[in-house]
Amino acid sequence: MKINDAIIGAVLALLGAVVLFHVQSFPTIPGQQYGPGLFPGTIALGFLVCGVLLVVSGVRSRAGQPWVAGEAWIRSVPHVRAFLAIVAGLAAYIVLADVVGFLIIAPILLVLWFVALGVRLKTALIASIITTLVIWFAFYRLLRVPLPWGVLTKFAF
Amino acid sequence: MVFNLETMLVVAGSALFGLFVGAVPGLTATMATALLVPVTFFMPPIPAIAAIVTATAMAIFSGDIPGALLRMPGTPASAAYTDEAYAMTRKGMAETALGAGLVFSAIGGLFGTLVLIVSAPALAEFALRFSSFEYFWLVLLGLTCAIVITAERPLKGFVSLLIGLFVASVGLGNPAGFPRFTFGNTELMGGIGLIPMMIGMFAISEVIRYAVDTTTAAKVFDQPIHNVFRGMWALMVRYWRQLLRGSVLGTLVGALPGAGADIAAWMAYAISKKNSREPEKFGTGHVEGIIESGAANNSAIAGAWIPALVFGIPGDSITAIVIGVLYMKNMNPGPTLFTQNPQNIYAVYVLFILANLIMIPFGWWCIKASKQILRVPRNVLMPIILLFCIVGAFAINNTVFDIAAMLVAGVVAYVLEENGYPVAPAILGVVLGTMLEENFVTSMIKAEGNLLGFFDRPVAATLGVLTLGAWFLPPLIRRMRRVALGS
């Protein structure tokens, strides 16, 4: 995704302004000028200046190009689907893992990703189960990482 | 300390892992490191370092393999001479191209290691006398360097750096101990975890890039490869100057903050062509440039460890992750590492030598197995990597929050890179932000608020002038040139 500099610049400038406003509420150490607000405040000022510079250069160099230009993949359904599957799948894990449990959500996500990337369903099913078990064994058993059990907590071992 | 069963097994395992990751296009050496960290988290310090040193050295070499056989670089560090290597393959010289990649990678790596062994302790002794003033300038110089070298447009590099510094300022980790930008969230108090962020930036973003890649897969060039070592001695005798020049340049570029093996290879290739007696042969399947840049990218790997170990300033994105690992293992980088725990430093040296020596047999095996490795379907690999990333990011602190940090970092890194913002300055900003602020505040308190205090000590003044020069000289020269041209 090619985003025009002006848009990125505007977002940065806005972020800079908000941070600059927010750091005003940081406490100051009496008799010193360099409290916790100084460093982020300086960064925010940098965001603001760079943002404005990017807006200027973006508008100047635009010359009829769209503000946001997608490359070839944006117009290709399988690629967009693969992109969304990855991002949405990761988000789903973040939200659902603790509730559902690793052993249930991991194979489902793997099948989703395999299929989205064009792996045949049969291969996807087998590969997802093997991968889940290998990773679960390596991290839960060997390295003792407390992967969530979720609804399977009763059967935890 | 190094030669025990556990470490040897780790070295062998990570060698295979590194070779594989390097040889698969789309999986990079930095990604290999990021994926290794969650596993090394559970190891003692020496095996953990062994894993990273071995895997990265191997990956930078094996990135040459798909370059020669597929015209696709396995890692960005091989991109500079991929066309050259492929042209050699088309002339039926795949054997020589791969052999040169292997042998001169190992020699370059050993050269970089030698420089590391000689220079790091000397620098450390010098750095022992550094105060917060010197460190402040050193960090600032490092950050400046990262922008100047990596960015086509300094403005974009600077933005990238600011983003990194901003991320570093989140949490309690500031001299005042005040919770910044946490919004009452306890997870944010500790700041945003370095390792989950790195996994996101180097693994998740690469998987996304693979998923949206619309180019069709190339066919593997089928060519019998018998003895890759044939003719290597003759090449070494003929091109020893190029080999030496590439190794020196690679080590230097590696040691400069922000620039790593990929930039070293591009520069070495360009210099090789410029100084060659037969520059017209470059691009047509000529081995000279491969020797120089192949040596350069492997020596850069070792060179990057010099500032990382001595000052805690990463020389490339791999050592940025290494610094995070060193802190986790209570081996805080800095000159005291050389005085208090010299045995650990010696172990690092030995590991580097070992990794570059076993590269020859392991690499040879990898070249022989390359057809099988390149046939591994990447659409099966990528989901496995995704799940591994999830578990890896979770494993460090056992919190889902880190997985979210990983996802955000991955998407942001992808979007930034697509739009020409280099990620190296951002990483340096994240790693060095706290150090920059701490040394600034300490110095200000020592100097009682007088900014001239930053120039009071001779070394600090020199570093300060260098930094300011790097900021203001290039634009000034450009302007003067424009004025002189009378436009």
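Chains as they are written, first to last, in the working numbering: chain A, 111 to 267; chain B, 137 to 623. We put the CB at the ideal spot given by N, CA and C, even for glycine. None of these values were measured; they are calculated from a predicted model.
Rounded separation between residue i and residue j - CA only
i, j, result
"G154/B", "V173/B", "13 Å"
"L262/A", "A207/A", "12 Å"
"R514/B", "L264/B", "48 Å"
"A179/A", "T352/B", "22 Å"
"G228/B", "W501/B", "20 Å"
"V221/A", "T350/B", "22 Å"
"L257/A", "R251/A", "10 Å"
"V169/A", "V146/B", "53 Å"
"M334/B", "K465/B", "17 Å"
"Q508/B", "V160/B", "11 Å"
"K409/B", "I454/B", "28 Å"
"V165/A", "G119/A", "5 Å"
"W246/A", "F447/B", "38 Å"
"T603/B", "P610/B", "12 Å"
"T644/B", "A191/B", "The structure shown has nothing for residue 644/B, since chain B only spans 137 to 623."
"G396/B", "V295/B", "20 Å"
"K112/A", "T420/B", "34 Å"
"P176/A", "A596/B", "48 Å"
"L276/B", "P450/B", "13 Å"
"S150/B", "T164/B", "14 Å"
"V162/A", "P561/B", "20 Å"
"M337/B", "V129/A", "24 Å"
"Q476/B", "I437/B", "25 Å"
"L227/A", "R191/A", "9 Å"
"F498/B", "L152/B", "8 Å"
Cβ neighbour criterion (16 or more within 10 Å) applied to residue i
i, result
"A620/B", "exposed"
"V187/A", "exposed"
"H422/B", "buried"
"W369/B", "exposed"
"A198/A", "exposed"
"D592/B", "exposed"
"D200/B", "buried"
"G394/B", "buried"
"N492/B", "buried"
"L122/A", "buried"
"G211/A", "buried"
"H189/A", "buried"
"F488/B", "buried"
"P332/B", "buried"
"Y482/B", "exposed"
"R316/B", "buried"
"K292/B", "buried"
"P478/B", "exposed"
"I110/B", "Only positions 137 to 623 of chain B appear in the structure, and residue 110/B is not among them; the question remains open."
"S268/B", "buried"
Any non-hydrogen atom of the ligand HEM closer than 7 Å to residue i Cβ
i, result
"L220/A", "In the structure shown, the ligand HEM is absent, as is every other ligand, since no ligand is present at all."
Uninterrupted alpha helix (DSSP H) stretches inside the stretch 519-599 of chain B (no shorter than 4 residues)
536-554, 560-582
Entirely within the stretch 235-263 of chain A and at least 4 residues each: give me those alpha helix (DSSP H) ranges in chain order.
none
Could you name the residues of the stretch 167-186 of chain A whose beta carbon sits closer than 9 Å to any beta carbon of chain B, in the order they occur along the chain?
S167, E181, A182, W183, I184, S186
Could you pull out every unbroken alpha helix (DSSP H) segment of at least 4 residues lying fully inside the stretch 288-370 of chain B, listed in chain order?
290-304, 322-325, 330-335, 341-347
Return the residues of the stretch 166-188 of chain B that lie within a Cβ-Cβ distance of less than 7 Å from chain A, sorted by chain order.
F178
Enumerated in chain order, which unbroken segments of the alpha helix (DSSP H) with a length of 4 residues or greater are wholly contained in the stretch 437-486 of chain B?
441-447, 453-464, 472-476
In chain order, what residues of the stretch 199-225 of chain A put their CB closer than 9 Å to some CB of chain B?
G199, L200, A201, Y203, I204, V205, A207, D208, F212, A216, L219, L220, V221, L222, W223, F224
What are the complete alpha helix (DSSP H) segments, minimum 4 residues, inside the stretch 179-233 of chain B?
181-198, 200-206, 218-226
Compile a chain-ordered list of the residues in the stretch 314-335 of chain B whose CB is closer than 7 Å to at least one CB of chain A.
F314, R316
Mind listing which residues of the stretch 340-354 of chain B have their C-beta closer than 7 Å to chain A's C-betas, in chain order?
V343, I344, A347, V348, T350
What runs of the alpha helix (DSSP H), each 4 residues or longer, lie entirely inside the stretch 405-441 of chain B?
423-439
Do the stretch 374-388 of chain B and the stretch 245-261 of chain B touch if we need at least three Cβ pairs shorter than 8 Å?
yes
Contact between the stretch 521-529 of chain B and the stretch 209-224 of chain B (3+ Cβ pairs under 8 Å):
no
Pull out every residue of the stretch 230-245 of chain A whose Cβ sits closer than 8 Å to any Cβ of chain B, in chain order.
T233, A237, S238, T241, T242, I245
Any C-beta of chain A within less than 7 Å: which residues of the stretch 289-306 of chain B qualify?
L291, F294, V295, L298, L301, F302, S305
Touch check for the stretch 265-272 of chain B and the stretch 400-407 of chain B: three-plus C-beta pairs under 8 Å?
no
Can you find at least 3 beta carbon pairs, one from the stretch 146-159 of chain A and one from the stretch 295-304 of chain B, that sit closer than 8 Å?
yes
Using 8 Å as the Cβ pair cut-off and three pairs as the minimum, do the stretch 437-447 of chain B and the stretch 457-473 of chain B touch?
yes
Mind listing which residues of the stretch 143-163 of chain A have their C-beta closer than 7 Å to chain B's C-betas, in chain order?
Q143, Y144, G145, P146, F149, P150, I153, G156, F157, C160, L163
At what residue ranges does the stretch 173-219 of chain A contain a whole run of the alpha helix (DSSP H), taking only runs of 4 or more?
187-210
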